[in-house]
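Asker:
Protein chains: 2
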Amino acid sequence: MEQRDRDLIAQIEAIVGPKGLLLGRDVTARPHLSWGRGQCPAKAIVRPGSTSELSQVMALCHRWGQSVVPWGGMSGLVNGAQCEAGDLALSLERMNRIEQLESDAGVMTVQAGAVLQQVQQAAEEAGWQFAVDLGARGSAQIGGMVATNAGGNSVVRYGMMREQVLGLEVVLADGTVLSSLNEMLKNNAGYDLKQMFIGSEGTLGIVTRAVLRLRPRCSSVQTALVALSRFEDVVTLLRRLGGELDGKLTAFEVMWQSHYHCLVAELAKHPAFLPTEYPFYVLVEASGSDPKRDEAHFMTLLESLLSSGTILDAVIAHASEQAAQLWALRDDAESLIKHLGPVAVFDISLPIRTMEAYITQLEQRLAEDYPASRLITFGHLGDGNLHLGIGPVEDKTGVESLVYRSLSEVNGSISAEHGIGLEKKPYLHRSRSEVEIQLMKKLKALLDPKGVLNPGKIF
Amino acid sequence: MEQRDRDLIAQIEAIVGPKGLLLGRDVTARPHLSWGRGQCPAKAIVRPGSTSELSQVMALCHRWGQSVVPWGGMSGLVNGAQCEAGDLALSLERMNRIEQLESDAGVMTVQAGAVLQQVQQAAEEAGWQFAVDLGARGSAQIGGMVATNAGGNSVVRYGMMREQVLGLEVVLADGTVLSSLNEMLKNNAGYDLKQMFIGSEGTLGIVTRAVLRLRPRCSSVQTALVALSRFEDVVTLLRRLGGELDGKLTAFEVMWQSHYHCLVAELAKHPAFLPTEYPFYVLVEASGSDPKRDEAHFMTLLESLLSSGTILDAVIAHASEQAAQLWALRDDAESLIKHLGPVAVFDISLPIRTMEAYITQLEQRLAEDYPASRLITFGHLGDGNLHLGIGPVEDKTGVESLVYRSLSEVNGSISAEHGIGLEKKPYLHRSRSEVEIQLMKKLKALLDPKGVLNPGKIF
Numbered sequence: 173m174e175q176r177d178r179d180l181i182a183q184i185e186a187i188v189g190p191k192g193l194l195l196g197r198d199v200t201a202r203p204h205l206s207w208g209r210g211q212c213p214a215k216a217i218v219r220p221g222s223t224s225e226l227s228q229v230m231a232l233c234h235r236w237g238q239s240v241v242p243w244g245g246m247s248g249l250v251n252g253a254q255c256e257a258g259d260l261a262l263s264l265e266r267m268n269r270i271e272q273l274e275s276d277a278g279v280m281t282v283q284a285g286a287v288l289q290q291v292q293q294a295a296e297e298a299g300w301q302f303a304v305d306l307g308a309r310g311s312a313q314i315g316g317m318v319a320t321n322a323g324g325n326s327v328v329r330y331g332m333m334r335e336q337v338l339g340l341e342v343v344l345a346d347g348t349v350l351s352s353l354n355e356m357l358k359n360n361a362g363y364d365l366k367q368m369f370i371g372s373e374g375t376l377g378i379v380t381r382a383v384l385r386l387r388p389r390c391s392s393v394q395t396a397l398v399a400l401s402r403f404e405d406v407v408t409l410l411r412r413l414g415g416e417l418d419g420k421l422t423a424f425e426v427m428w429q430s431h432y433h434c435l436v437a438e439l440a441k442h443p444a445f446l447p448t449e450y451p452f453y454v455l456v457e458a459s460g461s462d463p464k465r466d467e468a469h470f471m472t473l474l475e476s477l478l479s480s481g482t483i484l485d486a487v488i489a490h491a492s493e494q495a496a497q498l499w500a501l502r503d504d505a506e507s508l509i510k511h512l513g514p515v516a517v518f519d520i521s522l523p524i525r526t527m528e529a530y531i532t533q534l535e536q537r538l539a540e541d542y543p544a545s546r547l548i549t550f551g552h553l554g555d556g557n558l559h560l561g562i563g564p565v566e567d568k569t570g571v572e573s574l575v576y577r578s579l580s581e582v583n584g585s586i587s588a589e590h591g592i593g594l595e596k597k598p599y600l601h602r603s604r605s606e607v608e609i610q611l612m613k614k615l616k617a618l619l620d621p622k623g624v625l626n627p628g629k630i631f
Numbered sequence: 173m174e175q176r177d178r179d180l181i182a183q184i185e186a187i188v189g190p191k192g193l194l195l196g197r198d199v200t201a202r203p204h205l206s207w208g209r210g211q212c213p214a215k216a217i218v219r220p221g222s223t224s225e226l227s228q229v230m231a232l233c234h235r236w237g238q239s240v241v242p243w244g245g246m247s248g249l250v251n252g253a254q255c256e257a258g259d260l261a262l263s264l265e266r267m268n269r270i271e272q273l274e275s276d277a278g279v280m281t282v283q284a285g286a287v288l289q290q291v292q293q294a295a296e297e298a299g300w301q302f303a304v305d306l307g308a309r310g311s312a313q314i315g316g317m318v319a320t321n322a323g324g325n326s327v328v329r330y331g332m333m334r335e336q337v338l339g340l341e342v343v344l345a346d347g348t349v350l351s352s353l354n355e356m357l358k359n360n361a362g363y364d365l366k367q368m369f370i371g372s373e374g375t376l377g378i379v380t381r382a383v384l385r386l387r388p389r390c391s392s393v394q395t396a397l398v399a400l401s402r403f404e405d406v407v408t409l410l411r412r413l414g415g416e417l418d419g420k421l422t423a424f425e426v427m428w429q430s431h432y433h434c435l436v437a438e439l440a441k442h443p444a445f446l447p448t449e450y451p452f453y454v455l456v457e458a459s460g461s462d463p464k465r466d467e468a469h470f471m472t473l474l475e476s477l478l479s480s481g482t483i484l485d486a487v488i489a490h491a492s493e494q495a496a497q498l499w500a501l502r503d504d505a506e507s508l509i510k511h512l513g514p515v516a517v518f519d520i521s522l523p524i525r526t527m528e529a530y531i532t533q534l535e536q537r538l539a540e541d542y543p544a545s546r547l548i549t550f551g552h553l554g555d556g557n558l559h560l561g562i563g564p565v566e567d568k569t570g571v572e573s574l575v576y577r578s579l580s581e582v583n584g585s586i587s588a589e590h591g592i593g594l595e596k597k598p599y600l601h602r603s604r605s606e607v608e609i610q611l612m613k614k615l616k617a618l619l620d621p622k623g624v625l626n627p628g629k630i631f
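Take a look at the structure:
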């Protein structure tokens, strides 16, 4: 380490104390890439204990022109927290307290390092729920989830992270503390500045505190797997469940036959809840406050959909274990990834009316250019969000170009919920115009003129 | 009119044509202040017929340093569209088409001048609803509603305007067209630029098109007026209805006794649906898809709330006429304003836990400083939003200071849904810190360096 770096580190240690700083092997022991890969090459990992400490650290880094890569729980999938040798990594893992929970109003104030599962549990103990849920709940931190505008399985009912954030405290690139810890659903006093930071992937500021909106806890959950023969029936099903379950539709997860057949028939990793010959499967979840009433409502609706021919077959979970099995099938990306061999995975969104033609065309183009590869399709259809797995793939760049070219044609997005990070940066222009990208860059230059915050990410 | 102005007007007319320009009496005939007051003193009203025309007009105004005041339907209440003699007013009233309605997905693309009622009707004809509703539905334009992040009566269920906007097209101060006409619920491809413009009151850009999220149309509505003795019961009621009506609670409108007693007993303007001696009244609305099931659910819940003593009395609307009468009572601000004499009205938000003490303290402070005035309180309590009427008031500034001083103490907002405009500009610092206001000004300078867009508004 050079003298200049030793000086900087010493000054940082004077601010955050020895517990606030990791060096040497404690740094390389940490993965910094997606899927838990990589040995972090940063100079140090800074772990401030308070907003005030972080503010001082950022003021120092800003003066020195020192790049800082903010970390959340490291469950992102686009290398948004990747470090170079010259960087400092910044972890808020010591700032993980739930500071306040207003149980009358359903409002919770947390430090950014609080882990999702901890937040979910605290909400539930107070008779509420925190409505964003995702597989990485045991590691994902609220600050990272705000910075990436996390999505997950219940967006169709509750929205993404953006819709759960009432207020934020953010440390800006120069150490300024921007405190907008609003608690109200309505506040039109000037620009809603927090919106800028949500989904900005740590490039505009560092989230240190969030005021979260909680939702009423549901005491009843209905889960079913249904089979359909045509995509237009999937659309009809979504519309009828959206309308006739009133506010209760919580998840609408589609699996193309490619997905279901692979996991159930080829790999035999999951029980054959339904025969494998149907073109489409949808995992439906509804939740409400009265088990008896809700179940009757759900059953009546499914019967009506069966008798109208919209759905051809259905299996209903009669206990939470069965529901868990259905979700395990839906969530078993790991088996698919292993099975496909070298795999390219995608997280796209597109208008629902364009989905069927898009997938059909993509299959054709893949068959022509990459005849050895297959396409597996599933995702949060209610949000316009599909996940694709394509493999085996040697030429990952070629497949990416193919997927994103077709996507541009239907005005889709190269990232529905994962963000851009480094991984999707080469394709940003596929979903955003030059005018949009220029304005993003202007915002970046305004808020971080020296480019110290998460440099090189997004654009 | 000076030569320079005549030259500018001629150039604008060459872009927008004679239909696109109003001059002289056609300008002064138009009110430009809140409540339909004032004779517009602007040089001209420009009415472009397309985004391209507006883009050219803005490029010209930017070169000339000509200030432009964007107008919506002129139903705002904070003088956000007020003009000075040197300004050009800009109306999008000719750009009022509904361009696309995806009836499978519930997505509608409209030009900014489309009127709310027209959008609501088109949505309903397609089996959907547009979920923001407010009294000025016959005049409020979508562009203005986006620019002011309009709220209204159903925010507790569907959110404000921000939550209904999937995509925007915006003309920037220099005429650049920023097209972000996203249709998907999820799109994390870089910064979500549209968020900056929502609620910016025409100071950062001019909304020309919006992609709107529609919601399933409800075929059943339950409406009740209930009476309560304690504020804590109002909070309990909100929490129980929020939890036990599942997603169906659509409105939760509170009236302090001051409001109900004034309209029903003193003015006798409305039927005495319930006796006037209760401390609190709440207008509750729920809506769903099955009249019979929804009514049974609603009645069971109300009975339980009556038997637990949370509510003391209730009247249920058994037909839409009765529901309309209850809403007419809630919405009769006009009678209150007339009755109070010279009146100061407020649109504030504050944490629900602080409301009772805030109102009690405000009443005490008013009694001390303005013994001739009375306070009338009502509003969208489910959103933390109260409307206050205080009158008779000669010293409006003094009363404003009193209200906003108390509000700062509880971290409340001087504007829940109306915005800042010119009217609340002197008090912005009561709800926003100096750091926040400085960042707002930096954003303004970035997007409108010459200050041509709605100059002087907000800060």
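Protein chains in written order, with my numbering: chain A, 173 to 631; chain B, 173 to 631.
The beta-carbon is built from N, C-alpha and C at its ideal position, and this holds for glycine as well.
(1) What's the call for residue 204(B), buried or exposed, on a 16-neighbour Cβ count within 10 Å?
(2) DSSP state of residue 271(A), grouped into three classes?
(3) Taking the DSSP output, what are the residues bridged to residue 557(A)?
(4) Would you say residue 604(B) lies against chain A (beta-carbon separation less than 8 Å)?
(5) For the alpha helix (DSSP H) containing residue 369(A), list its first residue and its last residue.
(6) For the putative contact between residue 321(B) and residue 378(B), defined by C-beta atoms under 8 Å, what is the C-beta separation to the nearest angstrom?
(7) Ends of the beta strand (DSSP E) at residue 280(B)?
(8) Could you check how far apart the C-beta atoms of residue 238(B) and residue 607(B) are, in whole angstroms? I think they sit under 8 Å.
(9) Got a sec: is the Cβ-Cβ distance from residue 254(B) to anything in chain A below 8 Å?
(10) Comparing alpha-carbon positions, which option in 484(B), 341(B) and 414(B) lies nearest residue 447(B)?
(11) Out of 509(A), 452(A) and 188(A), point me to the one whose CA is closest to residue 486(A)'s CA.
(12) Are there three or more Cβ pairs, one per stretch, closer than 8 Å when the segment 296-310 of chain B is compared with the segment 392-405 of chain B?
(13) So the alpha helix (DSSP H) residue 184(B) belongs to, where does it begin and stop?
(14) For the candidate residues 325(B), 515(B), 513(B) and 292(B), whose alpha-carbon lies nearest to that of residue 311(B)?
(15) Quick check on DSSP: helix, strand or coil for residue 571(A)?
(16) Using a Cβ-Cβ cut-off of less than 8 Å, give me the residues of the segment 513-527 of chain B that come near chain A, in sequence order.
(17) Measure the C-alpha to C-alpha separation of residue 402(A) and residue 267(B) and round it to an integer number of angstroms.
(18) Please list, in chain order, the residues of the segment 348-375 of chain A that have any C-beta partner in chain B closer than 8 Å.
(19) Excluding five sequence neighbours on each side, which residues of the same chain lie with their C-beta closer than 6 Å to the C-beta of residue 531(B)?
(20) Among 517(A), 393(A), 545(A) and 461(A), which one has its Cα closest to the Cα of residue 492(A)?
(21) Could you tell me the distance, in whole angstroms, from the CA atom of residue 208(A) to the CA atom of residue 200(A)?
(22) DSSP state of residue 205(B), grouped into three classes?
(23) Just to confirm my understanding: we take residue 317(A), look at its own chain, exclude 5 residues before and 5 after, and list those with CB closer than 6 Å. What are they?
(24) For the alpha helix (DSSP H) containing residue 503(A), name the first residue and the last one.
(25) Quick check: the Cα distance between residue 383(A) and residue 363(B), rounded to an integer number of angstroms?
(26) Let me make sure I understand the geometry here. Which of 619(B), 391(B) and 627(B) has the alpha-carbon closest to that of residue 345(B)?
(27) For residue 587(A), which residues in chain B fall below 7 Å Cβ to Cβ?
(28) Given this structure, state the Cα-to-Cα distance separating residue 442(B) from residue 435(B), to the nearest angstrom.
(29) Drop a sphere of 10 angstroms on the beta-carbon of residue 173(A), count the other beta-carbons inside from all chains shown, and report buried for 16 or more, exposed for fewer.
(30) Could you list which residues in chain B have their beta carbon closer than 9 Å to that of residue 276(A), in chain order?
(31) Could you tell me the distance, in whole angstroms, from the CA atom of residue 226(B) to the CA atom of residue 255(B)?
(32) Would you say residue 424(A) lies against chain B (beta-carbon separation less than 8 Å)?
(33) With DSSP as the reference, label residue 414(A) as helix, strand or coil.
(34) Short of 7 Å in beta carbon distance, which residues of its chain neighbour residue 432(B), apart from the five on each side in sequence? Order them along the chain.
(35) What are the complete beta strand (DSSP E) segments, minimum 3 residues, inside the segment 317-356 of chain B?
(36) Closest by CA to residue 552(B), which one among 387(B), 413(B) and 326(B)?
Answerer: According to the data block:
(1) buried
(2) strand
(3) 521(A) and 552(A)
(4) yes
(5) 366-369
(6) Not quite, the Cβ-Cβ distance comes to about 15 Å (not below 8 Å), so this is no contact.
(7) 279-283
(8) Residue 238(B) to residue 607(B), Cβ: 32 Å. No contact.
(9) no
(10) 484(B)
(11) 452(A)
(12) no
(13) 175-188
(14) 292(B)
(15) helix
(16) 521, 522, 523, 524 and 525
(17) 39 Å
(18) 348, 349, 350, 351, 352, 353, 354, 355, 356, 357, 358, 359, 360, 361, 362, 363, 364, 365, 367, 368, 370, 371 and 372
(19) 549
(20) 393(A)
(21) 13 Å
(22) coil
(23) 333
(24) 492-503
(25) 21 Å
(26) 619(B)
(27) 360 and 361
(28) 6 Å
(29) exposed
(30) 404, 407, 408, 410, 411, 524 and 525
(31) 19 Å
(32) no
(33) helix
(34) 448 and 453
(35) 337-343 and 349-352
(36) 326(B)
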